[in-house]
Amino acid sequence: MTKIVSTNEFVIKFANVNGSGSASANQMFAKGIFRSGVPVSPKNIFPSNIQGLPTWFEVRISEKGYLGRTEGVDIAVAMNPQSYNEDLREINSGGYLIYDSSWKRDFERTDINIIEIPLTKLCVEEFSNPKTRLLFKNIVYVGALSYLLGMDKEIYETLIAEQFKGKEKLIAPNIKALNIGYDYASENLKGSCEIKVNKSEKTKGMILTSGNDASGLGCVYGGATVCAWYPITPSTSLAEAFTDYSEKLRIEEETNKNKYAIIQAEDELAAIGMAIGANWNGARAFTATSGPGISLMSEFLGLAYFAEVPLVVFDIQRGGPSTGMPTRTQQSDVLSCAYASHGDTKHVLLIPSNPKECFEFAAEAFDLADRIQTPIIILSDLDLGMNDWSCPEFEWDDSKTYDRGKVLHAKDLEEIENFGRYLDVDGDGIPYRTYPGAHSEKGAYFTRGTSHDEYARYTEDGVVNARNLSRLLKKYQTASDMVPGPIFNQETNSSPLGVIYFGSTEASMQEALDKLHEEGIVLDAMRIRAFPFNLEVWEFIEDHDLLFIVEQNRDGQMRTLVMAEGGIIPDKLVSILCFDGQPITADFISNKMSSHITGSPSKSASGGK
């Protein structure tokens, strides 16, 4: 039988039962490969229940650095009889199926290699506690894989010691389970797998972390001291990361007192209201949510926009609409965030594509919120936020100082006869503000969501209100020069064809471009990183005859935004849409674009469109 032969380039997928303790073992497996110097991209595909339903953990190993999800798997570790049929279908011809042969069974496919390991039997023989048997079974298959893939077992012994630091009594039995799997494979499975992991140095200067963890750390470095949040998948881990980092980095050394406040509010409305209040009072505060939370928070977003209160909001997008698919990924909040709330509102969006940018944009968002005096919404998604990614190490300039924007203090107010909170003094649409208590007699104003004049006084004068709205639009236009610019991939203007993409889609985009290049199709590529779009975005669009826009939603929301903001004719923009809840693949992108360019039918049958 044919066997897939590969080194440092393959996909392995673990099929488990949710709540069986498999996630930590599978994550350990991925970390072990990363420690071997090979880039990995693990994806936890889990249901929205606590226990019992099927769950998968897919790991792409790529020395070339391709970190996007791919179609088909090379090794399936099938630990859940419920999903055997589905797991079998996904294995590439010549691939490998590893299953618990304590209960032997026949499999219909004859073009794959079956590797039998009696995991339950091995655990029953060595461990007496039924509960621990279930947990150790996961470590046993990690041990077996370390032999089958030709890895250094000591890497996993080190990871076990690190994972159970402070719980030393758990280290020995876990290492025992690891050795049980390794020894069984070495004695019974020699030559059964031709997929290997060789040590490399491709992860030098890289770390393995999630977007949410990186964002939480970025908030600390960006000067945030207040987090008001309400739990919702997939943003909860961001607030938890901020809590963990604050406990380490935001403690007053002399008094040992906390220099931060974290409030788990009663609902999303309370959370964003608290964050707005803290920002108004001079703190740097944020909230984190997902699409349903954005819907609930939209009225408060309008208040912060119109009253011009700095605010940072993280939207970790998931499958919608309504409750939708809480544990699946999409990019379907683009329009709801860009124009959140009623009336004429436009919000600043930052769109990171990897954990390093999550860290950087999180920190930068607080400066932007203060400088522009408006909500800054960071658009991430479940795939980027909750999954670990191989990415460059974070960098920070310790000499950096925070930019609080146009803030007047007591000395400044002494020189002003009549402070106007909403006066456009500098012609950029951004007024000057004060903190509460800045001066004993000057600088006070009424913060309101009702129409107001330049001095924050209530008015129903239509001319005055129109003047204020026009100034807000000017401020939005000023913001286009302050937000991160786009990133260009391949030589600009090398082709009349271009592709626009954003966010976590980047993981599959470079691979898709390489595949198209092999077919003789060359496209210029631009990754949008922020809204409002700056001049470079419009120049790229103008310089190309036809543009594909790749996004993970049904309605082509980024395409709609580009058309609405720039008056671009629809025929110039072709949507490549994936909205099945799984991260988009390079094959899906390249097949869709190739078929459009050549006029041939698309070879991709998945992806939702």
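Read left to right, the sequence shown gives residues -11 to 597 (the numbering used here).
Glycine residues also receive a C-beta, built at the ideal position from the N, C-alpha and C atoms.
The model shown is predicted, which means the values in this text are computed figures rather than measured ones.
Query, Result
"Where do the ends of the beta strand (DSSP E) carrying Y172 lie?", "Taken as a continuous stretch (DSSP letters only), Y172 belongs to no beta strand (DSSP E), being part of the alpha helix (DSSP H) at I159 to N176."
"Taking the CB atoms as reference points, tell me whether N365 and V301 lie closer together than 8 Å.", "Going by the sequence as given, residue 365 is Ile instead of Asn. Yes, the pair counts as a contact, with Cβ atoms nearer than the cut-off."
"Decide if Y446 is buried, meaning its Cβ has at least 16 other Cβ atoms within 10 Å, or exposed.", "exposed"
"Per DSSP, what kind of secondary structure is E598 in: helix, strand or coil?", "The first residue shown for the chain is -11 and the last is 597, placing residue 598 beyond what the model contains."
"On the premise that I537 lies in contact with C379, defined as a C-beta separation below 8 Å, what is that separation, rounded to the nearest angstrom?", "Not really, about 25 Å apart at Cβ, beyond 8 Å."
"Looking only at its own chain, which residues have a Cβ that is under 6 Å from the Cβ of I17, when we skip the five neighbours before and after it?", "Correcting the residue identity first, residue 17 is Phe in this sequence and not Ile. V130, listed in sequence order."
"For T422, which beta-bridge partners are listed by DSSP?", "L396"
"Can you tell me whether T548 is helix, strand or coil according to DSSP?", "helix"
"Kindly indicate the opening and closing residues of the beta strand (DSSP E) around Q465.", "Per DSSP, Q465 belongs to no beta strand (DSSP E); it is in the alpha helix (DSSP H), G450 to A467."
"Indicate whether the contact test is met: 3 or more Cβ pairs, each with one atom in the region 334 to 349 and one in the region 264 to 276, closer than 8 Å.", "no"
"Across which residues does DSSP place N406 in a beta bridge pair?", "According to DSSP, which records beta bridges pairwise, N406 is partnered with nothing at all."
"In terms of residue numbering, what span does the beta strand (DSSP E) encompassing K190 cover?", "Per DSSP, K190 belongs to no beta strand (DSSP E) and is neither H nor E."
"Going by beta-carbon coordinates alone, are V128 and A165 separated by less than 8 Å?", "yes"
"Would you mind sorting A593 into buried or exposed? The rule is 16 or more other CB atoms within 10 Å of its CB.", "Confidence at A593 is low in this model, with a pLDDT of 38, below 50, so the placement of that residue should be treated as unreliable; the coordinate-derived value is given next. When all chains shown are included, A593 counts as exposed."
"Based on the DSSP output, what are the partners of P42 in its beta bridges?", "V5"
"Count the other CB atoms, across all protein chains shown, that sit within 10 Å of the CB of N101; report buried if there are 16 or more and exposed otherwise.", "buried"
"Near L504, which residues of its chain fall below 6 Å by C-beta distance, leaving aside the five closest residues on each side in sequence?", "S578"
"Could you please give me the residues that DSSP links to G476 through a beta bridge?", "Checking the sequence shown, residue 476 turns out to be Phe, not Gly. Paired residues: M514."
"Keeping to the same chain, check which residues put their C-beta closer than 6 Å to that of A216; ignore five residues upstream and five downstream.", "I251, A253, A259, M262, A263 and T275"
"Could you say if the region 349 to 359 and the region 468 to 477 meet the contact criterion of at least three C-beta pairs nearer than 8 Å?", "yes"
"Between which two residues does the beta strand (DSSP E) containing W217 stretch?", "V214 to W217"
"Could you please give the first and the last residue of the uninterrupted alpha helix (DSSP H) stretch that includes T146?", "K141 to Q151"
"Whole angstroms is fine: what's the gap from T197's alpha carbon to Y489's?", "23 Å"
"Mark N4 as exposed unless 16 or more other C-beta atoms lie within 10 angstroms of its C-beta, in which case mark it buried.", "buried"
"Opposite M313 in the DSSP bridges: which residues?", "G307"
"Ignore the nearest five residues each way along the sequence and tell me which others in Y218's own chain have a CB closer than 6 Å to its CB.", "A253, D255, E256 and A259"
"Excluding the 5 residues preceding and the 5 following E499 in the sequence, name in chain order all residues of the same chain whose CB lies nearer than 7 Å to its CB.", "Y54, G56 and A574"
"Put K344 into one of helix, strand or coil per three-state DSSP.", "helix"
"Can you name the residues that DSSP bridges to Y84?", "I63 and N101"
"I'd like the span of the alpha helix (DSSP H) that includes S286, first residue to last.", "G279 to A295"
"Could you have a look at A271 and say whether DSSP puts it in helix, strand or coil?", "coil"
"What are the start and end residues of the alpha helix (DSSP H) that includes D232?", "T224 to L237"
"Near D62, what residues of its chain come up, given a Cβ to Cβ distance below 8 Å and the 5 sequence neighbours on each side ignored?", "I(-8), S(-6), F(-2), V(-1), I0, I79, N80, G83, Y84 and I183"
"Taking the alpha helix (DSSP H) that I127 belongs to, which residues open and close that run?", "P118 to L136"
"Taking the C-alpha atoms as reference points, what is the distance between A357 and W268?", "11 Å"
"Rounded to the nearest angstrom, what separates K397 and Y420 at their Cα positions?", "According to the sequence provided, residue 397 is His. The question's Lys does not apply to it. Looking at the two C-alpha atoms, the distance is approximately 10 Å."
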